[in-house]
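Here is the structure we will look at.
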Amino acid sequence: MLIGAIEAGGTKFVCAVGYQNGDIVEKITIPTREPNVTLPEADRFFSSFKISKMGIGSFGPVHVDRKSTRYGEILETPKQSWRGVNMVRHFTNSQDVPVHLDTDVNASALGEYVWGAGKGKDSCLYITVGTGIGAGFVKDGLSLNGRLHPEMGHIPVERHEEDSFEGCCPYHGNCLEGLASGTAIRERYGREGKHLSDSNEVWEMEAFYLAQAVASYLYVLCPDIVIIGGGVPKQKTLLPLVRKKAAERINGYVNPGDFKEWIVSPALNDEQGIKGAMALAIEGKR
28 MLIGAIEAGG TKFVCAVGYQ NGDIVEKITI PTREPNVTLP EADRFFSSFK ISKMGIGSFG
88 PVHVDRKSTR YGEILETPKQ SWRGVNMVRH FTNSQDVPVH LDTDVNASAL GEYVWGAGKG
148 KDSCLYITVG TGIGAGFVKD GLSLNGRLHP EMGHIPVERH EEDSFEGCCP YHGNCLEGLA
208 SGTAIRERYG REGKHLSDSN EVWEMEAFYL AQAVASYLYV LCPDIVIIGG GVPKQKTLLP
268 LVRKKAAERI NGYVNPGDFK EWIVSPALND EQGIKGAMAL AIEGKR
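If you're matching positions, the sequence shown starts at 28 in the working numbering and goes up one per residue.
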């Protein structure tokens, strides 16, 4: 029995079909263009397979309340042509299968929880640090959502004493995303992080901000494991610095144990999002 999955990002749609065990049979990547171009292209891919259900991890903000008639509707995204598009309704109609949707970062958290670094844990926090910052939390197989979905990338943080950058978040300026995202690094230094590997001060400051976030999430959520993914953490010196600074900030209070085992990299080789979308379809819940 095949299931369909979509990792719907702001720049690309990853579409896949696979089995209940998480094995992917076929996968394609298409650019995120106008919805009247992107959605039919995805439909053409899935039309070659007999799928029984579908899961979608979507960019947002997106309506995640399953009891609402607006479930699956894209909200006030900067991608204006996508505002009001309802992906649950579209793929339910075009594929004639049940469709389950959550945010892209919640899907990534679920993928790591089911098949990755969070496997066997009761709870799992996944943080993605790339163009923006987001975080998803899964507890006992269910992701955290409320009236809308959490936006953990926009928490306030204490400014580093040597940081004069005003922040890049158009809503809050110097929130976590505004000061520690890949966009913030590029705008602060004039170059992308991958070109700053030897600049220790860049990663010390980045770790300073991310460690604050990890400490705050610990106090609120108490996750069994923290997984930090995205493009920025591929800088090899960053994760050890985050562990060190998080340990210093937490200072033994509600100590999570060995920080090397508690703060880790993803285990699914950049497939946590698409596999999380598969898990959404399989579980039929979030």
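Cβ coordinates follow ideal geometry from the N, Cα and C atoms, glycine included. Owing to the predicted nature of the structure, the values given are computational and were not obtained by experimental measurement.
How far does the beta strand (DSSP E) with residue 74 in it reach, from first residue to last? Segment: none, residue 74 is in no beta strand (DSSP E) and carries neither H nor E.
Can you tell me the Cα-Cα spacing of residue 214 and residue 39, whole angstroms? 23 Å
Determine whether the Cβ of residue 137 lies closer than 9 Å to any Cβ atom of chain D. Protein chains in the displayed structure number just one, and chain D is not present.
Who are the Cβ neighbours of residue 92 in its own chain at under 7 Å, not counting the five residues just before and after it? 98
Once you ignore the five residues that flank residue 182 on each side, which residues in its own chain have a CB closer than 8 Å to its CB? 202, 203, 240 and 243
Is residue 260 helix, strand or coil by DSSP? helix
Quick check on DSSP: helix, strand or coil for residue 175? coil
With a floor of 3 residues, list each beta strand (DSSP E) that falls wholly inside the region 147 to 211, ordered by position along the chain. 150 to 156 and 160 to 166
Give me the Cα-Cα distance between residue 193 and residue 285, rounded to the nearest whole angstrom. 35 Å
Report all residues from its chain with a CB closer than 8 Å to the CB of residue 186; omit the five preceding and five following residues, and keep chain order. So the list reads 201 and 206, once near-sequence residues are dropped.
Taking the straight line between their C-alpha atoms, what separation do you get for residue 227 and residue 233? 10 Å
Under the DSSP definition of a beta bridge, which residues are partnered with residue 42? Residue 42 pairs with 33 and 55.
Count the other CB atoms within 10 Å of the CB of residue 107; is the residue buried (16 or more) or exposed (fewer)? exposed
Work out the CA separation of residue 309 and residue 47 for me, nearest whole Å. 7 Å
Cβ-based burial, residue 55 [other Cβ within 10 Å; buried from 16]: exposed
Distance check for residue 49 and residue 32, CA to CA, integer angstroms please. In this model, residue 32 and residue 49 are separated by some 11 Å (Cα to Cα).
Contact between the region 133 to 140 and the region 295 to 304: three or more CB pairs below 8 Å? Below 8 Å, enough C-beta pairs join the region 133 to 140 and the region 295 to 304 to call them touching: three or more.
In the DSSP output, which residue or residues are listed as bridge partners for residue 130? Per DSSP, 85.
Mind checking whether residue 101 and residue 88 have CB atoms under 9 Å apart? yes
Around the C-beta of residue 247, are 16 or more other C-beta atoms found within 10 angstroms, so that it is buried, or is it exposed? The residue in question, residue 247, is exposed, as its Cβ has fewer than 16 Cβ neighbours within 10 Å.
DSSP has residue 113 in a bridge; who is on the other side? DSSP lists 100 as partners of residue 113.
Residues in its own chain within less than 8 Å of residue 111 by CB, not counting five upstream and five downstream? Excluding positions up to five away in sequence, the list reads 100 and 101.
Nearest-angstrom Cβ-Cβ length linking residue 159 and residue 151, presumed shorter than 8 Å: The pair is not a contact, with the Cβ atoms about 20 Å apart (cut-off 8 Å).
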